[in-house]
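Read in order, the letters of the first sequence correspond to residues 101 to 364 in our numbering.
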Amino acid sequence: MPELAEVETWRRLAHHTAVGHTIEKAKCWDDRIIFDQNAPVSVSKALNGAKVTGTERRGKHFWLTFDRPGHLYIHFGMSGSLWRLQGDEEPPSHRKLELTLDTGERLVYRNMRRIGRIRWLPDATVVPPVSKLGPDPLEPEFTVSFLKEALLRRKSPIKAVLLNQEIFAGVGNWIADEVLYQTQISPHRQCSELREADIQKLHQVLLRILRKAVGVQADASRFPKSWLFHHRWGKKAERTARGELLQFDTVGGRTTAWVPDVQS
DNA sequence: CTCAGTGTTCAGTG
DNA sequence: TCACTGAACACTGA
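Here's what the structure looks like:
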């Protein structure tokens with residue numbers, strides 16, 4: 101489930117596993133969607149013998165930095181994930197990249213449905229998509245006044261705006277629905293018609309949800325029972341923990357789970 | 001067999 | 001130019 105919380109969890113995993121260590125072997129599986137045409141070769145060439153110096157993330161995008169120029173940029177798409185393997189642990193299927201470190205541990209990028217990206221870039225921050233992203237909500241510049249300014253000049257429904265990564269980056273479909281449920285705002289509400297109090301609440305609730313989700317390593321079984329998250333997947337007329345009836349609409353081109361009795 | 005899906009990008013519209 | 005919408009992308013599983 102790669103939204104901000106999952107990607108941040110994987111970034112931390114990569115950080116703890118790789119920073120300060122040298123890549124002894126970098127293996128790429130041929131995939132012209134995950135990599136571009138000839139990139140697998142250049143990626144593994146660039147990585148061999150490189151020492152990892154850091155990990156960075158903005159929204160759902162993340163990259164590694166090294167003791168030499170260049171970034172390993174990674175996007176998980178809809179079905180990507182990152183694995184840490186110790187000893188001779190079995191790797192998952194659909195591997196696209198495997199980094200073997202000088203500790204003997206391996207970092208494996210897996211992507212089953214192939215919508216995702218790995219690139220070797222001179223500087224991930226200056227080219228799209230990262231250069232086009234709005235601020236990350238966990239960074240200090242994501243203030244209430246920033247949010248107010250950003251939202252009030254948009255005409256789309258709030259749900260569509262939450263999904264727009266150029267405004268601020270990291271919210272995906274389930275987090276957007278969760279935020280709107282917990283702030284009692286309808287996903288159909290026009291952004292420009294939000295009130296000051298709504299925006300303050302959005303800011304506070306979004307941060308609360310992100311911090312909680314990151315705090316439990318994005319393990320959905322540890323999300324609070326009161327969250328809409330647990331009831332949104334069947335796309336049936338389910339009820340929340342409080343007994344409220346869910347409705348499913350398409351907003352911003354995505355299936356949107358919400359509770360009309362509570363959100364307006 | 002059909003279709004939706006935790007995301008992004010791009011063509012088309014107004 | 002700009003804001004916005006909807007389709008396309010690949011594959012799996014319901």
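Yeah, the Cβ is synthetic: ideal placement off N, Cα and C, and Gly gets one too. The structure displayed is predicted, hence computed values, not measured ones.
Spatial neighbours of residue i in its chain, beta-carbon cut-off 6 Å, leaving aside the 5 residues before and after
i	result
residue 110	182
residue 275	103
residue 316	322
residue 312	none
residue 318	105, 106 and 109
Same chain, Cβ closer than 7 Å to residue i, neighbours up to 5 away in sequence not counted
i	result
residue 288	257 and 351
residue 163	156, 171, 172, 173, 174 and 224
residue 144	126, 127 and 128
residue 307	237
Local conformation of residue i per DSSP, three classes
i	result
residue 282	helix
residue 303	helix
residue 295	coil
residue 141	helix
residue 333	coil
residue 327	coil
residue 346	coil
residue 233	coil
residue 217	strand
residue 246	helix
residue 133	coil
residue 269	coil
residue 362	coil
residue 226	helix
residue 316	coil
residue 238	coil
N- and C-terminal bounds of the beta strand (DSSP E) containing residue i
i	result
residue 124	123-128
residue 155	152-158
residue 357	354-358
residue 197	195-201
residue 166	161-166
Beta-carbon contacts of residue i that lie in its chain and below 8 Å, excluding the five residues immediately before and after
i	result
residue 177	102, 211, 213, 214, 215, 216 and 217
residue 296	248
residue 310	104, 105, 237, 238, 270 and 275
Between the CA atoms of residue j and residue i - distance to the nearest angstrom
i	j	result
residue 237	residue 160	11 Å
residue 193	residue 165	27 Å
residue 132	residue 197	13 Å
residue 123	residue 140	16 Å
residue 292	residue 298	11 Å
residue 250	residue 361	28 Å
residue 273	residue 358	12 Å
residue 195	residue 189	14 Å
residue 330	residue 348	15 Å
residue 285	residue 364	5 Å
residue 234	residue 245	15 Å
residue 206	residue 339	42 Å
residue 279	residue 354	15 Å
residue 226	residue 232	9 Å
residue 219	residue 326	39 Å
residue 120	residue 221	20 Å
Limits of the alpha helix (DSSP H) - the one that residue i falls within
i	result
residue 175	It is not in any alpha helix (DSSP H) - residue 175 instead sits in the beta strand (DSSP E) that spans 171-175.
residue 113	104-118
Bridge partner(s) assigned by DSSP for residue i
i	result
residue 290	257
residue 180	211
residue 351	354
residue 274	Paired residue(s): none; residue 274 is not in a bridge.
residue 185	206
residue 339	345
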